[in-house]
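Have a look at the structure below, then the notes.
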Amino acid sequence: MVTEAASTPKDPLPRRFGRYTLFDKIGEGGMARIYLARTRTELGGERVLVVKQILPLLSESGDFAQMLIDEAKLAASLLHGNIVQVIDLGREGDTLYIAMEYVEGFDLRELVRQCSKTKTPLPVEFSLFIVAETLRALDYAHRKKDEDGRPLGIVHRDVSPSNVLVSFEGEVKLCDFGIARAMNLEQVPQEDAIQGKAGYMSPEAAAGAALDGRADVFAVGIIAWELLAGRRLYRGEGGGPPSLEQAQAAVIPELPARQLAEEGALHAIVQRALVREPEQRYPSAQAMLRELEQYIQRAGLRASPLRLGEWMSAHFGGEILELRRMRQRAAKATEGGPLVQMSVAGMTVAPPKITVVGSPSPPPAAAAAAPGDEDRAALTPSPGASTRTPGAGRWALVALLLLVAAAVAFALR
Ligand SMILES: Nc1ncnc2c1ncn2[C@@H]1O[C@H](COP(=O)(O)OP(=O)(O)OP(=O)(O)O)[C@@H](O)[C@H]1O
Ligand SMILES: [Mg+2]
15 MVTEAASTPK DPLPRRFGRY TLFDKIGEGG MARIYLARTR TELGGERVLV
65 VKQILPLLSE SGDFAQMLID EAKLAASLLH GNIVQVIDLG REGDTLYIAM
115 EYVEGFDLRE LVRQCSKTKT PLPVEFSLFI VAETLRALDY AHRKKDEDGR
165 PLGIVHRDVS PSNVLVSFEG EVKLCDFGIA RAMNLEQVPQ EDAIQGKAGY
215 MSPEAAAGAA LDGRADVFAV GIIAWELLAG RRLYRGEGGG PPSLEQAQAA
265 VIPELPARQL AEEGALHAIV QRALVREPEQ RYPSAQAMLR ELEQYIQRAG
315 LRASPLRLGE WMSAHFGGEI LELRRMRQRA AKATEGGPLV QMSVAGMTVA
365 PPKITVVGSP SPPPAAAAAA PGDEDRAALT PSPGASTRTP GAGRWALVAL
415 LLLVAAAVAF ALR
């Protein structure tokens, strides 16, 4: 389980950041901090979105910043239902940031953890749906052309479960297009660069060769293999993360039989995505998607966003969604004033101490854990996140007063 304080003395929340109010930290990785934020629209409405702040060291590097801006501009031109929409890109003080659509749900890494923790198998039709939707995003991005009809040559380069977001509405959205390219520019130490990355790398990426869309197809192949096998493809030595050598060698074990209709055909699709030589692989995401869709149809394994969303909400939605929303309301009520503890309907919510119920990046120690450990990692509310307290009624009153004050302040603006 990854527990983070939503607000710390160094990182107080809520706080203003340009045109945004950051109110919850949902992740922190090697290159960025991820916040939930609110902004006002021109007509006075409000929108919740995600602000990804690039860490200062990287923000300060001119080459990196330029590359990131170029890549993010390309990413912002991608308009597709399976791609997280980039809304804004800018610099606030010394900090580069990307604002994007908020996908309320889990990233695929976290979804798999939740399934493993609660011993809830992810139905195979949903696994195939997630793979197909990811391919749809890649097919669109790979074929994207500029205004003069020239191919833009977009390659994601970091297709991995943490960048595949699955919402409680059953949508599947790929995020972080192009960021890996900018990261490659940086002199990040080898060890850091491969930490958690080699597990989803194509052999050519691990060898540092030039990449095209087929590298992304290979990464989707790994995701498909793992969802079908129910385990990580590459296991690092001594329980550590997979190595670049493993990614280069690309030794792919047989998938276990699961008694699916025409299972051989499904395994053949995954195997073809995972061929070591790019020339022998599917030539495009579209080619793989076409065969996968035909298989899904023949095998009667069709799923839909509606059914995936219902399944997600039924198994993981209730408490998680309620906690997130309470925290959102708590932050809203305290905006502009001191952070206070609130209680709603008998549940105490202390903004500075609550477990992040998003899908935060694991801290380095967790990232280095064995895949099995990672799969077992749990995402549960911290003990302080949901407890009944004798003083709940008093806090509810305080909360109510704060809400009224906020509403009055808002009305007087
Ligand atoms: N638009 C978004 N909506 C909802 N959650 C998001 C969004 N973008 C990122 N997240 C969450 O924040 C987490 C951290 O994201 P971040 O991109 O910093 O790290 P990562 O995906 O683990 O690693 P990397 O992208 O470097 O491979 C994601 O795994 C995801 O759970
Ligand atoms: Mg990411």
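Start counting the sequence shown at 15; every next residue gets the next number (the numbering used here).
In this text, a Cβ means the ideal position worked out from N, Cα and C, and glycines have one as well.
Ligand 1 and residue 34: does the residue's C-beta get closer than 7 Å to at least one heavy atom of that ligand? Indexing the sequence shown from 1 puts residue 34 at position 20. Because no heavy atom of ligand 1 lies under 7 Å away, the Cβ of residue 34 does not count as near it: no.
Using beta-carbon positions only, say whether residue 150 and residue 288 come within less than 8 Å of one another. For this step, residue 150 is matched to residue 136 along the sequence shown. For this step, residue 288 is matched to residue 274 along the sequence shown. Cβ distance not < 8 Å, so residue 150 and residue 288 don't count as in contact.
Span of the beta strand (DSSP E) holding residue 65? Counting from 1 along the sequence shown, the entry for residue 65 is found at position 51. Counting along the chain, the beta strand (DSSP E) containing residue 65 begins and ends at 60-68.
Regarding residue 68 and ligand 1, is the C-beta to nearest heavy atom distance less than 7 Å? Stepping through the sequence shown from its first residue, residue 68 is reached at position 54. No, the beta carbon of residue 68 sits no closer than 7 Å to any heavy atom of ligand 1.
Chain-order list of residues whose beta-carbon lies under 6 Å from that of residue 213 (same chain, five-residue window excluded): In the sequence shown, the residue the question calls residue 213 occupies position 199. Around residue 213: 248 and 256.
Answer with buried or exposed for residue 33, where buried requires no fewer than 16 other C-beta atoms within 10 angstroms of its C-beta. Taking the sequence shown and counting its residues from 1, one reaches residue 33 at position 19. Residue 33 should be labelled exposed.
To the nearest whole angstrom, what separates the beta carbons of residue 298 and residue 156, a pair I think is in contact under 8 Å? Taking the first residue of the sequence shown as position 1, residue 298 is located at position 284. Taking the first residue of the sequence shown as position 1, residue 156 is located at position 142. Right, the Cβ-Cβ distance comes to about 6 Å (below 8 Å), so this counts as a contact.
Beta-carbon separation of residue 90 and residue 98 under 8 Å? In the sequence shown, the residue the question calls residue 90 occupies position 76. In the sequence shown, the residue the question calls residue 98 occupies position 84. Taking 8 Å as the Cβ cut-off, residue 90 and residue 98 do not qualify as a contacting pair.
Using a Cβ-Cβ cut-off of 6 Å (strictly less than) and excluding sequence neighbours within five positions of residue 30, which residues of its own chain qualify? The residue given as residue 30 occupies position 16 in the sequence shown. Nothing listed; no residue qualifies.
Between the segment 169-184 and the segment 115-125, do at least 3 Cβ pairs fall closer than 8 Å? These segments touch.
Tell whether a beta-carbon distance below 8 Å holds between residue 37 and residue 50. Here residue 37 is taken as the residue at index 23 of the sequence shown, counted from 1. Here residue 50 is taken as the residue at index 36 of the sequence shown, counted from 1. Result yes, Cβ atoms of residue 37 and residue 50 sit closer than 8 Å.
Could you check if residue 96 belongs to the surroundings of ligand 2, using beta carbon to heavy atom distance under 7 Å? Looking up residue 96 in the sequence shown gives position 82. Checking the Cβ of residue 96 against ligand 2 gives no.
Close-in-space but distant-in-sequence residues of the same chain around residue 318 (CB under 6 Å, 5 per side omitted): Stepping through the sequence shown from its first residue, residue 318 is reached at position 304. Excluding positions up to five away in sequence, the list is empty.
Top-ranked residue by Cα proximity to residue 244, from 189, 88, 305 and 128: Within the sequence shown, the letter at position 230 stands for residue 244. Among 189, 88, 305 and 128, the Cα nearest to that of residue 244 belongs to 128.
Can the beta-carbon of residue 313 be found closer than 8 Å to that of residue 275? Here residue 313 refers to the residue found at position 299 of the sequence shown. Here residue 275 refers to the residue found at position 261 of the sequence shown. A contact, by the Cβ cut-off of 8 Å.
Residues of its chain near residue 55, where Cβ-Cβ distance is below 7 Å and the 5 sequence neighbours each way are ignored: Residue mapping note: residue 55 aligns to position 41 of the sequence shown, counting from 1. Within the same chain, residue 55 has close Cβ partners 61.
At 4 residues or longer, what runs of the alpha helix (DSSP H) sit wholly inside the segment 137-193? 138-157
Identity of the residues DSSP links to residue 101 by a beta bridge: As a first step, residue 101 is located in the sequence shown; it is residue number 87 there, counting from the start. DSSP output for residue 101 lists no bridge partner at all.
In terms of DSSP beta bridges, what is residue 35 paired with? By 1-based counting over the sequence shown, the position of residue 35 is 21. 30 and 52.
Uninterrupted alpha helix (DSSP H) stretches inside the segment 277-326 (no shorter than 4 residues): 277-287, 299-313 and 319-326
Kindly indicate which three-state DSSP category residue 241 falls into: helix, strand or coil? In the sequence shown, residue 241 corresponds to position 227, counting from 1. Residue 241: helix per DSSP, three-state reduction.
Applying the 10 Å Cβ sphere with the 16-neighbour rule, what's the burial state of residue 172? The residue given as residue 172 occupies position 158 in the sequence shown. Buried.
Please tell me whether, using a cut-off of 7 Å, the distance from the CB of residue 129 to the nearest non-hydrogen atom of ligand 1 is below it. Start at 1 with the first residue of the sequence shown, and residue 129 comes out as number 115. Outside the cutoff, so no.
Exposed or buried, what is residue 24 when buried is set at 16 or more other beta-carbons lying within 10 Å of its beta-carbon? The count along the sequence shown starts at 1 and reaches residue 24 at position 10. With fewer than 16 Cβ atoms within 10 Å of its Cβ, residue 24 is classed as exposed.
May I ask you to list the residues that DSSP assigns as paired with residue 214? Taking the sequence shown and counting its residues from 1, the one referred to as residue 214 is at position 200. Partner(s): none; residue 214 has no beta bridge.
At what residues does the beta strand (DSSP E) containing residue 92 begin and finish? As a first step, residue 92 must be located in the sequence shown, where it is residue number 78. Taken as a continuous stretch (DSSP letters only), residue 92 belongs to no beta strand (DSSP E), as it is neither H nor E.
Consider the C-beta atom of residue 190 and the heavy atoms of ligand 2; say whether any pair is separated by less than 7 Å. Reading the sequence shown from its first residue, position 176 is the one you call residue 190. Because some heavy atom of ligand 2 lies under 7 Å away, the Cβ of residue 190 counts as near it: yes.
Against chain B, does residue 272 count as a neighbour if the rule is that its beta carbon must be under 8 Å from one of theirs? The structure shown has no chain B; it contains just one protein chain.
Can you name, in chain order, every residue of its own chain whose Cβ lies under 6 Å from the Cβ of residue 102, other than the five neighbours on each side? Residue mapping note: residue 102 aligns to position 88 of the sequence shown, counting from 1. Same-chain partners within the cutoff: 113.
At which residues does the alpha helix (DSSP H) containing residue 125 begin and terminate? Taking the first residue of the sequence shown as position 1, residue 125 is located at position 111. Where residue 125 is concerned, the enclosing alpha helix (DSSP H) stretches over 122-131.
Just confirm the distance between the C-beta atoms of residue 170 and residue 142, as a whole number of angstroms; I'd bet it's less than 8 Å. The residue labelled residue 170 in the question sits at position 156 within the sequence shown. The residue labelled residue 142 in the question sits at position 128 within the sequence shown. That belief does not hold up - the Cβ atoms of residue 170 and residue 142 are roughly 20 Å apart, past 8 Å.
For residue 216 and residue 194, which I take to be in contact (beta-carbon distance under 8 Å), what is that distance rounded to the nearest angstrom? As a position in the sequence shown, residue 216 is number 202, starting the count at 1. As a position in the sequence shown, residue 194 is number 180, starting the count at 1. Contact doesn't hold; Cβ gap of about 12 Å is too wide.
Within 10 Å of its beta-carbon, does residue 133 have 16 or more other beta-carbons around it, so buried, or fewer, so exposed? The residue labelled residue 133 in the question sits at position 119 within the sequence shown. Burial call: exposed.
Closer than 8 Å by C-beta to residue 96: which residues in its own chain qualify, once you throw out the five before and the five after it? Chain order, please. As a working note, residue 96 is residue 82 in the sequence shown. 147, 148, 150, 151, 154, 185, 186, 187 and 188.
Could you tell me the distance, in whole angstroms, from the CA atom of residue 219 to the CA atom of residue 296? Mapped onto the sequence shown, residue 219 falls at position 205. Mapped onto the sequence shown, residue 296 falls at position 282. Going from the Cα of residue 219 to the Cα of residue 296 covers about 16 Å.
Where residue 28 and residue 35 are concerned, what is the direct C-alpha to C-alpha distance, given to the nearest angstrom? Position 14 of the sequence shown, counting from 1, holds the residue named residue 28. Position 21 of the sequence shown, counting from 1, holds the residue named residue 35. Roughly 6 Å separates the two Cα atoms.
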